[in-house]
Amino acid sequence: MVDKTLELFDCGHRACGGCGAALAARLVMKGAGKDTIVVSATGCMEVFSTPYPETAWKVPWIHSLFENASAVASGIEASLKKQGRTEKVVIMAGDGATFDIGMICISGAFERGHDFTYICYDNEAYMNTGIQRSGATPYDASTTTSPAGSCSFGNKLPKKDMPQIIAAHGAPYVATASIAYPADLMQKVEKAINTKGPCYVQVHAPCCTGWGFEGDQTIAIAKLAIETGLWVNYEMVDGKVVKVKKVVKKPVGEYLTTQKRFRHLFKPKRQDAEIATIQAMADKNFEKYGIEIRLKKE
Amino acid sequence: MLEIVEGSHAVAEAVKLCRPQVVSAYPITPQTHIVEALADMVANCQLDADYITVENELSALSACIGASAAGSRVYSATTSQGLALMFEVCFNAAGMRLPIVMTIANRALGAPLSIWNDQQDSISLRDSGWLQFYAEDNQEATDLHFIAYKVCEDHSVLLPAMVCFDGFILSHVYEPVDMLSQEDVDRYLPPFNPYQRLDAADPISFGMYATPDYYHEFRYEIDNAAKRAKEVIQKAGKEFGTMFGRDYSALVEGYRLDDAETAIVAMGSICGTIKDAIDEMRAEGRKVGLLKIRVFRPFPSEEIAQALSNVKRVAVLDKDISLGAKGAVAIEVRDALYGSVTPVKGYVLGLGGRDVRKKDIKEIVSLVEKGVGDQFFGLRRELL
Numbered sequence: 030m031v032d033k034t035l036e037l038f039d040c041g042h043r044a045c046g047g048c049g050a051a052l053a054a055r056l057v058m059k060g061a062g063k064d065t066i067v068v069s070a071t072g073c074m075e076v077f078s079t080p081y082p083e084t085a086w087k088v089p090w091i092h093s094l095f096e097n098a099s100a101v102a103s104g105i106e107a108s109l110k111k112q113g114r115t116e117k118v119v120i121m122a123g124d125g126a127t128f129d130i131g132m133i134c135i136s137g138a139f140e141r142g143h144d145f146t147y148i149c150y151d152n153e154a155y156m157n158t159g160i161q162r163s164g165a166t167p168y169d170a171s172t173t174t175s176p177a178g179s180c181s182f183g184n185k186l187p188k189k190d191m192p193q194i195i196a197a198h199g200a201p202y203v204a205t206a207s208i209a210y211p212a213d214l215m216q217k218v219e220k221a222i223n224t225k226g227p228c229y230v231q232v233h234a235p236c237c238t239g240w241g242f243e244g245d246q247t248i249a250i251a252k253l254a255i256e257t258g259l260w261v262n263y264e265m266v267d268g269k270v271v272k273v274k275k276v277v278k279k280p281v282g283e284y285l286t287t288q289k290r291f292r293h294l295f296k297p298k299r300q301d302a303e304i305a306t307i308q309a310m311a312d313k314n315f316e317k318y319g320i321e322i323r324l325k326k327e
Numbered sequence: 018m019l020e021i022v023e024g025s026h027a028v029a030e031a032v033k034l035c036r037p038q039v040v041s042a043y044p045i046t047p048q049t050h051i052v053e054a055l056a057d058m059v060a061n062c063q064l065d066a067d068y069i070t071v072e073n074e075l076s077a078l079s080a081c082i083g084a085s086a087a088g089s090r091v092y093s094a095t096t097s098q099g100l101a102l103m104f105e106v107c108f109n110a111a112g113m114r115l116p117i118v119m120t121i122a123n124r125a126l127g128a129p130l131s132i133w134n135d136q137q138d139s140i141s142l143r144d145s146g147w148l149q150f151y152a153e154d155n156q157e158a159t160d161l162h163f164i165a166y167k168v169c170e171d172h173s174v175l176l177p178a179m180v181c182f183d184g185f186i187l188s189h190v191y192e193p194v195d196m197l198s199q200e201d202v203d204r205y206l207p208p209f210n211p212y213q214r215l216d217a218a219d220p221i222s223f224g225m226y227a228t229p230d231y232y233h234e235f236r237y238e239i240d241n242a243a244k245r246a247k248e249v250i251q252k253a254g255k256e257f258g259t260m261f262g263r264d265y266s267a268l269v270e271g272y273r274l275d276d277a278e279t280a281i282v283a284m285g286s287i288c289g290t291i292k293d294a295i296d297e298m299r300a301e302g303r304k305v306g307l308l309k310i311r312v313f314r315p316f317p318s319e320e321i322a323q324a325l326s327n328v329k330r331v332a333v334l335d336k337d338i339s340l341g342a343k344g345a346v347a348i349e350v351r352d353a354l355y356g357s358v359t360p361v362k363g364y365v366l367g368l369g370g371r372d373v374r375k376k377d378i379k380e381i382v383s384l385v386e387k388g389v390g391d392q393f394f395g396l397r398r399e400l401l
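Heads up: the protein sequence lines correspond to chains Z and W, in order. Mapping of the first sequence onto the working numbering: position 283 corresponds to residue 312, and the numbering continues sequentially without gaps. Mapping of the second sequence onto the working numbering: position 369 corresponds to residue 386, and the numbering continues sequentially without gaps.
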């Protein structure tokens, strides 16, 4: 059972007000519990939580480099095993560290089957370095390296399907979650922690600074991502989807208009063709995961 | 017990006797025989270690960081491109003060691709905070592993170490090695006692970020630890000598240097060739001696200055080159002799596995006697 009163990610860190990643860390740690060793990849969370000589982590924590968190975790797990210790190993890495620079280390560690839980807090760009695109950046999002311009609508590539890549490694438990659904997130982390072998939970964590919205809108925007089908919460056990979060479908425009990173799709004029492309991506998710709740007509 | 054994197998045997709990490595020529031998020992229950077969060298050393931070004695081995791929991990391991021991089977760096020996790989990591030992022969390569663990894990040091031995020239050569028993090693090297470790019962944060208010002092502390290591090496080397008869207390070692007019300074297996050449030159009445640098980091400046205080000239041999400048050893030896009037000439030689023979050493002595140096030695002019 998740102890919701447990605070292992403490206050006083340097995250922006309304930071989705900070909330993710707090919720993940409630799910993980105190017998946990956390390995952080370089990134926003690492920087805002451990400005020497202060730390927000009330569990043992280590940060080595940007790309090597899974390899460091592999070594920790091997060491604990050899010492007969029972602490759990949790990796906390952003989407850049996960989708891009850490891929080799991730592939090796998941292939070897170490017993750890990999949490990717996904804020869909390199926020620490100033909002550059990553493999997790959604189609048409404007970032500092995929800016919208007179001949560009922003990021030209769709988001990489990282959970499927992890599942293809034979990971016993893979899940997506969102800070908008804390109970679900904590339970998924708990389940991952208690599943033997390498598990993966990808957490949607909106970034007010990078996406361009007010800090009090973080949860609402995370919720809209799910309701529009641009983020799907699901669980995979042994490669098969066993549970999905169903929603009453909303058009993608309701999500896109909340954030400055998509502003160019609406101003100076509405880009119907681009919005239709994004709607088609959401529709595909609704179809693929069967997540639509159809309201009965009176 | 004296055994005729391949250098790599002798090193693997020494590592086994040090009882690492986690071994993490990736194959690369000419390091492979070491990690194959260790895998074999694990497969046959002769070594009780978790052996992580990682996907590249960056991960090999990263896994060592994790395991060391969690409280285990760890080991890795690599060379050349593999070490270059570890570049940022090397700085990281030293910065986190983790006593990792890694063997380097020295090899050239590409391009062009070369699997053969020189010392460019480890020399290029001289600024990383790792202690660096260079072995002349396989006996020394073997013994230096026991000493490296003892020194690194000393709480006044807490730095990683590279034990460097020349790829192929030593790693693949069979020669007699006096191997210690497990009992001997256990008496010399106590179990790993981490200064601090990742532990849920006593949480600490490793590898935080430091603002300009703190970073400068972190680097100062690492530098201090490296300098403190000098004394710890001397002590550990002396203790080894007392217990097993081979004294490694000296960071540099002279050979027929006492009355020498010309001193050759070098590191690694080339020292064996130099000693033979010196014996022949001495028989001809030429007053030549060798100063072997066994420990390159921490750099034994005072010891070098002292050892070379009476010679008339110095020839420094480098199997490396800081391109656009000079050989790294020559630069540092000259720095050690700053203020002295003794001329120091550098010779870059043997790169990418080019053989260095006794006649080459004699030719270099003739060159330095004429004041000619600071050059690539042994160039095939017809190719240029």
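All residues carry an ideal CB built from backbone N, CA and C; glycine is no exception. Here the structure is a predicted model, which is why all the values come from computation and not from measurement.
Residue-level contact to chain Z via CB, residue i, 7 Å cutoff
i, result
"W:I378", "no"
"W:C81", "yes"
"W:E170", "no"
"W:V39", "yes"
"W:E7", "In the structure as shown, chain W starts at 18 and stops at 401, and residue 7 of chain W therefore has no counterpart that could be examined."
"W:D183", "no"
"W:D67", "yes"
Burial state of residue i (16 or more Cβ within 10 Å)
i, result
"W:P229", "exposed"
"Z:L324", "exposed"
"Z:N157", "buried"
"Z:R290", "buried"
"Z:Y210", "buried"
"W:Y138", "Residue identity differs from the one stated: residue 138 of chain W is Asp in this sequence, not Tyr. Buried."
"W:F393", "exposed"
"Z:K252", "buried"
Under 7 Å from the C-beta of residue i: neighbouring residues of chain Z
i, result
"W:N109", "S93 and L94"
"W:E105", "L94"
"W:D203", "None at all; the shortest Cβ gap to chain Z is about 18 Å."
Residue-chain proximity (residue i, chain W), Cβ-Cβ < 7 Å
i, result
"Z:L35", "no"
"Z:K225", "no"
"Z:A221", "no"
"Z:P192", "no"
"Z:I66", "yes"
"Z:G60", "no"
"Z:G125", "no"
"Z:E321", "no"
"Z:E116", "yes"
"Z:W90", "yes"
"Z:A107", "yes"
"Z:V119", "no"
Reduced DSSP category for residue i - H, G, I as helix; E, B as strand; rest coil
i, result
"Z:H233", "strand"
"Z:I195", "helix"
"Z:A122", "strand"
"W:C107", "helix"
"Z:T127", "helix"
"Z:G226", "coil"
"W:H189", "coil"
"W:A178", "strand"
"W:R330", "strand"
"W:V71", "coil"
is_contact[residue i, chain A] using C-beta, thresh 7 Å
i, result
"W:V71", "The structure shown has no chain A; the protein chains it does contain are Z and W."
Chain Z contact residues for residue i, given Cβ-Cβ distances below 9 Å
i, result
"W:L75", "L94, E96, N97, A100, I133 and C134"
"W:S145", "Here the premise fails: no neighbours, minimum Cβ distance about 14 Å."
Cross-chain neighbours of residue i in chain W, by beta carbon under 7 Å
i, result
"Z:Y81", "M225, Y226, A227 and Y231"
"Z:V31", "Chain W residues near Z:V31: none, gap ~18 Å exceeds 7 Å."
"Z:S103", "I69, A80 and G83"
"Z:G142", "Simply none; closest approach about 11 Å."
"Z:G41", "Going along chain W, no residue has its Cβ under 7 Å from Z:G41, so there is no contact; the nearest lies around 13 Å."
"Z:G137", "V71, E72 and S76"
Interface residues of chain Z facing residue i [CB-CB closer than 8 Å]
i, result
"W:V328", "Under the 8 Å cutoff, chain Z gives no residues; its nearest Cβ is about 45 Å from W:V328."
Under 8 Å from the C-beta of residue i: neighbouring residues of chain W
i, result
"Z:T84", "S222 and M225"
"Z:V218", "What Z:V218 touches in chain W: nothing, since even the nearest Cβ is about 16 Å away."
Contact set between residue i and chain W, taken where Cβ atoms lie within less than 9 Å
i, result
"Z:V57", "By Cβ distance, chain W contributes nothing, its closest Cβ being about 16 Å from Z:V57, past 9 Å."
Residues in the region 213-243 of chain W having any Cβ partner in chain Z nearer than 7 Å: L215, D216, A217, P220, I221, S222, F223, G224, M225, Y226, A227, T228 and Y231
Within 8 Å of chain Z by C-beta, residues of the region 84-98 of chain W in sequence order: A84, S85, A86, A87, G88, S89 and V91
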